[in-house]
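All letters in the sequence shown, in the order written, are residues 1418 to 1627 by this note's numbering.
Ideal placement from N, C-alpha and C gives every residue a C-beta, glycine not left out.
Predicted, not measured: the structure shown is a model, and the values here were computed from it.
Worksheet: one structure, shown below.
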Amino acid sequence: MASLELKSVSKSYGRKQVLADVSLTFQPGLTLLIGPSGAGKSTLLRLLSTAERPNRGAISWNGNTARGPWRRTLGYAPQAVDLPEDLTAREFALHIAALKGLDLGAADKQFGAITDAIGLHADINNRIASFSGGMRRRLIFAQAMLGAPELLALDEPTAELDGETARKLGALIVERAKSAVVVMTTHLADELAPQAAAVLRVEAGQVRAA
Ligand SMILES: Nc1ncnc2c1ncn2[C@@H]1O[C@H](COP(=O)(O)OP(=O)(O)O)[C@@H](O)[C@H]1O
Ligand SMILES: [Mg+2]
1418 MASLELKSVS
1428 KSYGRKQVLA
1438 DVSLTFQPGL
1448 TLLIGPSGAG
1458 KSTLLRLLST
1468 AERPNRGAIS
1478 WNGNTARGPW
1488 RRTLGYAPQA
1498 VDLPEDLTAR
1508 EFALHIAALK
1518 GLDLGAADKQ
1528 FGAITDAIGL
1538 HADINNRIAS
1548 FSGGMRRRLI
1558 FAQAMLGAPE
1568 LLALDEPTAE
1578 LDGETARKLG
1588 ALIVERAKSA
1598 VVVMTTHLAD
1608 ELAPQAAAVL
1618 RVEAGQVRAA
């Protein structure tokens, strides 16, 4: 069974320690990260997605600390990201698919299906420059889902979405979590908690079962 394991992981920015000696294992299923703003939820997701490295400790994917296999299976939706404004949503998705080494025909189809399920399909051939905040959130989510990743790190994917659209994303996330390690932060944590395998609270440098 797939797993992502943190062993004695610490992360600091300058003198500020955000995570202090955190050890935990993520397994297939949905894990919700909760905790106050600035607690380190996004920092933890950046570590899980190899966007940053810990200052101390080790992270292993299926028992292996090499980042190649871990990255190849990863989908990551960052909380904040600069999108290529001049590309259409579909061009951007295919660019991501190419970087991930996916079959482009299959990725194009999958992108169509995902965007259809979350109410973005009518806009996929429009330039990102014309997109609202909620459309950007959905595009960032859709690119993370490409290739059916075994490891999915989602940072506030439901921000700026209306309740109905957020629930549509939630349904896709719960479905993916049946076979993938999914770790996410969301303001809808209360709503998704019954379907989560774990709810973890990030606070004061520690990550504990909530
Ligand atoms: N690149 C960075 N440089 C310096 N400090 C950072 C950086 N990223 C995050 N921090 C700090 O780390 C702490 C945790 O931030 P973050 O992980 O974004 O929290 P959360 O997602 O829980 O709101 C905050 O105090 C934040 O200011
Ligand atoms: Mg955050």
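Regarding T1467 and ligand 2, is the C-beta to nearest heavy atom distance less than 7 Å?
No, the beta carbon of T1467 sits no closer than 7 Å to any heavy atom of ligand 2.
Whole angstroms are fine: how far does the CA of D1540 sit from the CA of S1425?
Cα-Cα distance, rounded: 44 Å.
Does the distance from the C-beta atom of L1450 to that of L1617 stay below 8 Å?
Result yes, Cβ atoms of L1450 and L1617 sit closer than 8 Å.
Let's see if you can read the secondary structure: which residues bound the alpha helix (DSSP H) around S1459?
K1458 to L1465 is the extent of the alpha helix (DSSP H) around S1459.
Express the C-alpha separation of T1575 and E1581 in angstroms, rounding to a whole number.
Distance between the alpha carbons of E1581 and T1575: 10 Å.
Taking only three categories from DSSP, how would you classify V1498?
If DSSP states are grouped into helix, strand and coil, V1498 belongs with coil.
Tell me the residue span of the alpha helix (DSSP H) that contains L1609.
Residues A1606 to L1609.
How would you call Y1430, buried or exposed, if buried means at least 16 neighbouring beta carbons within 10 angstroms?
With fewer than 16 Cβ atoms within 10 Å of its Cβ, Y1430 is classed as exposed.
Spatial neighbours of F1443 within its chain, please: CB distance less than 7 Å, with the 5 preceding and 5 following residues excluded, ordered by chain position.
Hits under 7 Å: S1420, L1421, V1598 and V1600.
Flag K1458 as yes when its Cβ comes closer than 7 Å to any non-hydrogen atom of ligand 1, and as no otherwise.
Result yes, Cβ under 7 Å from ligand 1.
Enumerate in chain order the residues of its own chain whose CB-to-CB distance from D1438 is below 6 Å, with the five nearest sequence positions on each side excluded.
Excluding residues within five positions, the ones whose Cβ falls inside 6 Å are S1425 and S1427.
Touch check for the stretch 1498-1509 and the stretch 1609-1623: three-plus C-beta pairs under 8 Å?
Touching, no, given that fewer than three Cβ pairs across the two stretches are closer than 8 Å.
Could you have a look at K1424 and say whether DSSP puts it in helix, strand or coil?
If DSSP states are grouped into helix, strand and coil, K1424 belongs with the strands.
Along the chain, where does the beta strand (DSSP E) containing D1438 start, and where does it finish?
Element bounds for D1438: K1433 to F1443.
Quickly, what does DSSP pair W1478 with across the bridge? List them, please.
L1421 and N1481.
Under DSSP, the alpha helix (DSSP H) around T1582 begins and ends at which residues?
Run containing T1582: G1580 to R1593, per the alpha helix (DSSP H) assignment.
Heavy atom of ligand 1 less than 7 Å from the Cβ of S1547, yes or no?
No, since every heavy atom of ligand 1 falls outside the 7 Å radius drawn around the Cβ of S1547.
Among residues of its own chain, excluding the 5 on either side of G1564, which ones have a beta-carbon nearer than 6 Å to its beta-carbon?
K1517 and L1519.
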